[in-house]
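J.: Take this structure, written in C-alpha cells, and hold onto it; I'll ask about it next.
There are 2 protein chains.
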Amino acid sequence: MYGRYTQDLGTFAKDEAARLRLQEGDTPRPRRPSELLEYTQGRCAPCRVCALQCQRFLISKVGEDWVFLILLGLVMALVSWAMDFAIATCLQAQKWMYGGLDTNVLLQYMAWVTYPTVLITFSAGFTQILAPQAVGSGIPEMKTILRGVVLKEYLTLKTFVAKVIGLTCALGSGMPLGKEGPFVHIASMCAALLSRFLSLFGGFYENEARNIEMLAAACAVGVGCCFAAPIGGVLFSIEVTSTFFAVRNYWRGFFAATFSAFIFRVLAVWNKDEETITALFKTRFRLDFPFDLQELPAFAVIGIASGFGGALFVYLNRKIVQFMRRQKTINRFLMKKRLLFPALVTLIISTLTFPPGFGQFMAGQLTQKDTLVTLFDNQTWAKQGISDEFEYLGILEAWRHPRSNVFVTLVVFILMKFWMSALATTIPVPCGAFMPVFVIGAAFGRLVGESMAAWFPDGIHTDSNIYRIVPGGYAVVGAAALSGAVTHTVSTAVIVFELTGQISHILPVMIAVILANAVAQSLQPSLYDSIIRIKKLPYLPELGWGHHEKYSVRVEDIMVRDIRYVTLNCKYRDLQQVLHSTKMKNLPLVESAESMILLGSIERTQVGALLSSQLSPQRRLLALRQKVLSEDGHRLSDSSIRFQVRGAEGPQGDPWQPPPQSASVYYHHDKLVQALKTEPGQRKKREEN
Amino acid sequence: MYGRYTQDLGTFAKDEAARLRLQEGDTPRPRRPSELLEYTQGRCAPCRVCALQCQRFLISKVGEDWVFLILLGLVMALVSWAMDFAIATCLQAQKWMYGGLDTNVLLQYMAWVTYPTVLITFSAGFTQILAPQAVGSGIPEMKTILRGVVLKEYLTLKTFVAKVIGLTCALGSGMPLGKEGPFVHIASMCAALLSRFLSLFGGFYENEARNIEMLAAACAVGVGCCFAAPIGGVLFSIEVTSTFFAVRNYWRGFFAATFSAFIFRVLAVWNKDEETITALFKTRFRLDFPFDLQELPAFAVIGIASGFGGALFVYLNRKIVQFMRRQKTINRFLMKKRLLFPALVTLIISTLTFPPGFGQFMAGQLTQKDTLVTLFDNQTWAKQGISDEFEYLGILEAWRHPRSNVFVTLVVFILMKFWMSALATTIPVPCGAFMPVFVIGAAFGRLVGESMAAWFPDGIHTDSNIYRIVPGGYAVVGAAALSGAVTHTVSTAVIVFELTGQISHILPVMIAVILANAVAQSLQPSLYDSIIRIKKLPYLPELGWGHHEKYSVRVEDIMVRDIRYVTLNCKYRDLQQVLHSTKMKNLPLVESAESMILLGSIERTQVGALLSSQLSPQRRLLALRQKVLSEDGHRLSDSSIRFQVRGAEGPQGDPWQPPPQSASVYYHHDKLVQALKTEPGQRKKREEN
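Residue numbers (my numbering), protein chains in the order written: chain F, 1 to 689; chain H, 1001 to 1689.
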C-alpha cells in the first residue's frame, strides 16, 4: 500500500509535467517522412503505403485486450506443454534407471535416491543463484501484488527462467510437490513480460489498473492450462487472489483460460498422445445411477474429516517452518550450507518410498499422475480385488501387496504422504502444495469408498436393480474436499469436474467441499494466508465469515486518534521527540501541523537510520544512548528485520531463513546496542582486543 | 444512487440520536425478572433456567449467516418444487383436455386455445391488481437494487404472492416463457421477507450492507434451485447482477444454492419421480470420444451465429416494446383494456402451435421440457431416422412429419419460436426469457448437428474406430451459446453442464459461448440492460470491454465544471434563475455558496412543482409563461415522465405503458402548456365551452 504510494508520489510530478507539456505542444508536430509517403510519387510508393497501413493496423490491434489474452494463452499453453513433456521425460528416466538395475537392490536404491536428490539440489541451487524470489508457490505473493503492493523482482524474466527450470527439475524428481501455485506465478510473469514486450509497439500497456486486471486474468490462465480446467481455473484464481472482483474482468479470465486450455489439449492430440480432446484424468463412472441418496452421510463424513485434515496440514506445514526457524544452531548451519536441507529431505522421502523397501506398503513406485489415475479407477479393489484382466494392470498392481490388504496400503499411504507433503513443500524450490493434497484427499476418499463397498457389497439401494458402490466417486469427492479445505476454496469442486470430465457427482462433491471449508476455515487460515503470515508479506487479513458482530464495528471504534506525525519542516529535535513519544513502526508525514495534508508515511527505522547518518558522531552517540535507554534493543532489531522484509528488497523466497542483508543489519544494530551499553572505558579495552 | 442518499440523510439524524442516547445511558439497566431467575428458589426454577438458556442460545444462533442461508435454501426449494408440480399439473391438464377431444378438431382447437388464454389473462389480471411490480423478469430490478437503489414495493409479501401465482399460471399455459429470471426475484423477495421475519428474534438483520449481501446470495439460490445448478447459479447471478463482487460473499451463494438444489432434487426422489439425484435434463453422450477436433469449426459457427441471433433477439424484443409504446392509438386502447394484449398474443401463439394445424411442422405439441429432452437426445434423427424402438417414441414422434423432413421442422421451429418468444416475453405477466432462448439455441445446435451428421455419415475421424457425430452435443452447445449471447454471460456454459450432467463437451461449449458473447456484446446490450433502458431504471451503464482508450480517460476530461446549484437559503428568484440558466434534470443542493457542502440533489421537475404550488396564482402564471417561452414544452413533459418512473413510485411492471400517475402528470402539463400558449381571451372562451 504505502510502497505504491511513495512510488506514485515520485511519478505524479513526472505525469503532471508530461501532461502540461502535451497541452502546450498543441501545435501540430512536423510530419514524419512515412506519413508523407502517400503524396510522393514512385514505383514502389503504393506498395510501401500499403505496407505502412498494414503495419499501422497491426500496431493499433496490438493494443486490444484480446490480442494480449490470446498471446498469453498461447505462450502459457506452450510453456505448460513443454514443461509437462520435460517432467514426463525426467520421470521416465528415473523409472528406466530403476528398472534397468533390478539385478542389484543396492544399486537400485542408489539410483532411486540419487536421481531426485540431484534434481532437487540443482533446482534449489539454480533458483537460489538466479532468483530467490522464484522459490515456493507464488500464490501468496500474487495475492499481495494484486492488492497493489509492489514486490520487487517478482515479475521479471530472471525469475521466470528460474521458476520454469526450477519447477521442471523439482517435479521431475517425483517428490510430492505441486505445480499449480507456481503456474499461477509463471503465468503472471508471462503476462508482465508480454505487456512490457507489447508496449514496444503500442503505448497502451502502461496503465497500472489495466496491468493489475491483466495479472488477474493471468492467474486464471495459470490454473487453467495447468489442469486444462478453464472454468475452475478462473474461479480458483478469483477465490484465491481477490477480495473484490471486477466482473468486467471475468470474460478476460474465461477467454484466456479457455484458449490456453484448448491449445494445451490440442498439443496433446497433435503429439498423438490422445485421440481427441478429453479430460486429463478421465473417469468412467456410470451415468444412470451415480450414487445413492443414502450414501450422502458418507460423503458428508469425508467432507468433515477433510476439513480437519486440511487444517492439520496447514498447521503442520507452518510448524515445520517455525521449528526450523527457531532452532538457531540448525538455522545457522543450514544457512551456510543452503543446499543441505533440500538434499536431506529428498533423501529421507525417497528412501521411504523406495519400492522394494517401505515403499511397497504405500504404492511408492507410482508417480503422482499414476496414483490419481488408479485412485479414480472404476473398480472396487476390496471386493473384486485388483483386477488382473485389465490393461492397466501394471500400475494398479502397486496397491496390491501379498502380505497386507488394500486398506492397510491406503492408510499407510495417507499417513506417510501427509507429513511428506507438508515437509516437502517447505523445501526452497519452486513448488506448490495443491497436487499433493489433492492426491492425499483422493486416497482418503478411496479408503472411505472401499470401506463402504466392503460394508455394502451389493449397494445400499434395495430396489430391483443392484447398483454397486463406486469407490472412485468417493476418491473424487475426497480430492475436492481436502484440496478445498487446505486452500479455503469452493472451486476445487469445479476443477475436479473438469479434471475427471464427469459432473455426475456434483451434489456429493459440493456438500463435501462446503463442509470441509466450514470446518477448515474455523480452525486455521488457508495455506496461502499461512505462508503470507510466515513470510510477513504486507497484506491486510480478511474479516472471515459468519461473524455478524463485525457488521456493527465502525472505523471510529478501532481507530487511533492521537497519532504523532512528522511535518515537512520539523527539526531533528522534533523528530527525536516523536520517536521517543511513540512506538509506531510507521510515522505519517504531513505537510504542516496546520494543513495536516498527508504526504506519505516513513518507516521508523528509516528515520532512525537517517538520523544516525546525519547527526555528528558525538551527538549521535548521545542520542543513541538515550534511545537505547528508552526502548529495549530487541524491538528495534525486530522492526529492522521487518523493514528489510517489507521494504525495498521484498521477501526472500526461503520462508524460514531471514534474508542476508537483514541479518547484517541485525548484527550491526546488536553491536551498536552492546557498544552503547558498555562503559566508555570497557569499550576502548574491547576495541584494543 | 441519489434515492438512497436522500433516505440516508433522513435516517442519519435518527442514527446519531440513537447513538448518543446509547452512550448517555451507559448506566446498567435494571435487570429483567428472567435474568434474576437463576438466583430464585423453587421447584421449577432449574427447568425454567434451562429453557431460558436454550431460548437464548437459539436466539443467538438465529443471527448466524448459515441459519439464514439454510432457511432460505429450504424455503426456495419447497417453493420451486411446489411450483414445478403445479406447472406440470397444469400442462398435463391441457394435454389431457386436448387428448380427450380428439374426435372433433374444432373442439380440440377451442380447448387448445382457450386454456392458455384464460391462464395468461388471469395471470396478467391478478398481477396487475395485486402488485404490478411482479411483472416481467425481475433481474433488471434486482440489478438496480443490488447497486443500492431503493425500489419501492419490489421486495414485499404482496409482490411475492403475485409473482409466485402469476408465474405458475403463466408457465402452466405452455407459452414460450421462462422461469429463471422470476425465480431470482422470488428468491430475493424470500430473503427480504425471511430477514424481516428473523429480525423479530434477533436484531442482526437491520444492517443494510448485510442485507445486500444476502440478496446477492438469494439471486444465486434463485437460479440454483430453478435448474438444480448450484455452481452455474452462483456464477450466473454474479455475472448478471454485480459489477464488483465481494469474494467473501462467494461461499454464501454456494452454500445456500447447493443446499437449495439438494433439497429440490431430494424432493423429487422422495416423491418417487426419480430413483436418485441426477441432472434435470440428463444426457447420455459417449465419454471416450465426445467430439472430434475437426468438428470444432462447426461449434465455432454455432457460437458466432448464436451471437448474431442473440443480438437480434434483444433488438426484436426492444423494438416490439417500442413499437407498442409509440403507437398512441393502440397504446391508449390497450391501456383501457389491459388484459386484451396478453389474451391476443396468447391466442395468436397458441393458434400457430395447434398440433393438427401449423403446429405439426414445428413440433407444437411438445412442452418446453419435452422439447429440450428430445433435442438433447442421443440419436441422429437425419441418418438413423427417429427411432421407433425406443420407449420415448411418443415425444420424439413430434419432430417427424410424413410430408417434410427433420431439417424443415427444425428450421420452422427455430424461426417461429424466435419471434414468438420475443413477443411473449413482452406480455405483462411474471416471466423470463432464458428458457425460451435456451430451447431455441438447442434447436439451432441440433440443426447444425444433424446437418453435420448428414454430411459426414461415418464421422470425420478416419482412424480404425468409427465415431459418429452426436447431434445432441451440438444442441447442448447451441443452447449454451444462444442463452449466453442474450444474457451476455459465460456461466451459461456451467449451467448447461449441470443441467445435462455431462461436462465432456466443455471445450466446444466454452468456445461457442465466448464467441457468441464477443459477437453479441459488440452489437447489442444484454437483454437485462435493454429492459433497464426501456424501463428507465436508475442504473449506471457499464463501460464494456475491450476498449483500451477508456483506460486513459480521466474524470476531469468529462466532468462539467460550471454547475448551477441550489443553496439552502436561496430565494424563489434565485431558484427561477437557476432553472432558466441550466437545462440539467437534477440540481445539486449545497449548504451555502461559501461552504459548498453537498447535501443532496433535487429533480428539476420537483423544483418546478414546488414553485408552482408555492407561488401565488398570478405570479405562477407569469412565471410559467416565461418558462414555456424559454423552453419547449416537450422536454418538460418528457422529464416529468422520467421523474415519475425514477422517483418515489418506482417503475411499473408493464414495459410499454407509462404508469398511470405519470400519464396524469403528463396531461396536466400538456394542458397547462396549451393554456399558456393561447391568449387570455381565447382561454376564457374555451373554458366557457
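Every residue gets a Cβ at the ideal spot worked out from N, C-alpha and C, and that includes glycine. Note that this is a predicted model, so its numbers are computed, not measured.
Could you name the residues of chain F that Met1076 of chain H contacts, counting a contact when the two beta carbons are closer than 7 Å?
T.: Near Met1076 of chain H there are no residues of chain F at all, since even the closest Cβ is about 16 Å away, more than 7 Å.
J.: Note down the Cα distance separating Thr1027 of chain H from Asn1569 of chain H, rounded to an integer number of angstroms.
T.: Residue confidence for Thr1027 of chain H is low, a pLDDT of 45 falling below 50, so the modelled location carries little weight and cannot support an answer.
J.: Along the alpha helix (DSSP H) that carries Ala453 of chain F, what are the first and last residues, could you check?
T.: 434-455 is the span of the alpha helix (DSSP H), which, as asked, contains Ala453 of chain F.
J.: Starting from Asn1586 of chain H and walking both ways along the beta strand (DSSP E), at which residues does that stretch end?
T.: Segment 1586-1590, the beta strand (DSSP E) holding Asn1586 of chain H.
J.: Under 8 Å by Cβ, that's how I've got Leu1447 of chain H and Gly1307 of chain H pegged, so tell me the actual separation to the nearest angstrom.
T.: Contact doesn't hold; Cβ gap of about 16 Å is too wide.
J.: Within the chosen definition, does the stretch 1264-1281 of chain H reach the stretch 1401-1420 of chain H through at least 3 CB pairs nearer than 8 Å?
T.: no
J.: Would DSSP call Gly222 of chain F helix, strand or coil?
T.: helix
J.: Using alpha carbons as the reference points, say which of F:Leu366, F:Ser404, F:Val429, F:Val373 lies closest to Phe341 of chain F.
T.: Among F:Leu366, F:Ser404, F:Val429, F:Val373, the Cα nearest to that of Phe341 of chain F belongs to F:Val429.
J.: Using the three-state DSSP reduction, which class does Ile120 of chain F fall into: helix, strand or coil?
T.: In the three-state scheme derived from DSSP, where H, G and I count as helix and E and B as strand, Ile120 of chain F is classed as helix.
J.: Answer with buried or exposed for Glu1035 of chain H, where buried requires no fewer than 16 other C-beta atoms within 10 angstroms of its C-beta.
T.: Here Glu1035 of chain H scores only 49 on pLDDT, less than 50, and its place in the model should not be relied on; the value that follows carries that caveat. Glu1035 of chain H comes out exposed.
J.: So which of H:Tyr1572, H:Leu1599, H:Glu1594 has the shortest CA-CA distance to Ala1609 of chain H?
T.: H:Tyr1572
J.: According to the neighbour-count rule (16 or more other Cβ atoms, all chains shown, within 10 Å of its Cβ), is Asn1465 of chain H buried or exposed?
T.: exposed
J.: If we cut at 8 Å on Cβ distances, does Ala695 of chain F have a partner in chain H?
T.: Given that chain F is displayed from residue 1 to residue 689, the structure contains no residue 695 of chain F and the question cannot be resolved.
J.: Could you please tell me which residues of the stretch 1072-1106 of chain H, in chain order, have their CB closer than 8 Å to any CB of chain F?
T.: none
J.: Would you list the one or two residues that DSSP bridges to Glu1603 of chain H?
T.: Answer by DSSP bridge pairing, in chain order: H:Asn1586.
J.: Would you grab the beta carbon distance between Gln108 of chain F and Pro356 of chain F for me? Rounded to a whole angstrom, and I think it's under 8 Å.
T.: 7 Å
J.: Over what stretch of residues does the alpha helix (DSSP H) that includes Ala1311 of chain H continue unbroken?
T.: 1296-1326 is the span of the alpha helix (DSSP H), which, as asked, contains Ala1311 of chain H.
J.: Can you tell which of F:Thr353, F:Glu64, F:Asp292, F:Leu200 has its C-alpha closest to the C-alpha of Arg210 of chain F?
T.: F:Glu64
J.: Answer with yes or no whether the minimum CB distance from Ser637 of chain F to chain H is below 8 Å.
T.: Unreliable positioning characterises Ser637 of chain F in this predicted model, as indicated by a pLDDT of 43, which lies under 50. The coordinate reading is nonetheless provided below. Chain H contact via Cβ: absent.
J.: Who are the Cβ neighbours of Asn378 of chain F in its own chain at under 6 Å, not counting the five residues just before and after it?
T.: Arg284, Gly472
J.: Excluding five sequence neighbours on each side, which residues of the same chain lie with their C-beta closer than 6 Å to the C-beta of Phe444 of chain F?
T.: Ile414, Gly478
J.: Please classify Pro1030 of chain H: does DSSP put it in a helix, a strand, or coil?
T.: Confidence at Pro1030 of chain H is low in this model, with a pLDDT of 47, below 50, so the placement of that residue should be treated as unreliable; the coordinate-derived value is given next. Three-state DSSP puts Pro1030 of chain H in coil, outside helix and strand.
J.: Three-state secondary structure (DSSP) at Ser387 of chain F?
T.: Confidence is the limiting factor: at Ser387 of chain F the pLDDT is only 49, short of 50, which leaves the residue's position unreliable and the question unanswerable from this model.
J.: Determine whether the beta carbon atoms of Trp112 of chain F and Ser421 of chain F lie at a separation below 8 Å.
T.: no
J.: Using a Cβ-Cβ cut-off of 7 Å (strictly less than) and excluding sequence neighbours within five positions of Glu391 of chain F, which residues of its own chain qualify?
T.: Any reading at Glu391 of chain F is ruled out, since the residue's pLDDT is 48, under 50, leaving its predicted position unreliable.
J.: Return no unless some Cβ of chain H is closer than 8 Å to the Cβ of Leu499 of chain F.
T.: no
J.: Can you tell me where the alpha helix (DSSP H) holding Ala246 of chain F begins and where it ends?
T.: First-last for Ala246 of chain F: 244-246, but that is the beta strand (DSSP E), not the alpha helix (DSSP H).
J.: When the cut-off is 8 Å and only beta carbons count, does Arg325 of chain F lie next to chain H?
T.: no
J.: Could you tell me the alpha carbon to alpha carbon distance between Phe1197 of chain H and Ile503 of chain F, rounded to whole angstroms?
T.: Phe1197 of chain H and Ile503 of chain F have their C-alpha atoms roughly 37 Å apart.
J.: Please report the straight-line C-alpha distance between Ala1216 of chain H and Asn1405 of chain H, rounded to a whole angstrom.
T.: 47 Å
J.: In angstroms with no decimal places, state the Cα-to-Cα distance between Leu1293 of chain H and Thr1380 of chain H.
T.: 19 Å
J.: Looking at the strands, I want to know which residues DSSP matches up with Ser404 of chain F.
T.: F:His401
J.: Just to confirm, are Val314 of chain F and Pro176 of chain F a CB contact at a threshold of 8 Å?
T.: no
J.: Taking contact to mean 3 or more Cβ pairs, one atom from each stretch, closer than 8 Å, check whether the stretch 1354-1374 of chain H and the stretch 1121-1139 of chain H are in contact.
T.: no
J.: Pull up the DSSP beta-bridge partners for Leu692 of chain F, would you.
T.: The requested residue 692 of chain F does not occur in the structure, where chain F is confined to residues 1 to 689.
J.: Would you mind working out which of F:Lys536, F:Asp562, F:Val67 sits nearest Ser199 of chain F, comparing C-alpha positions?
T.: Ser199 of chain F has its Cα closest to that of F:Val67, out of F:Lys536, F:Asp562, F:Val67.
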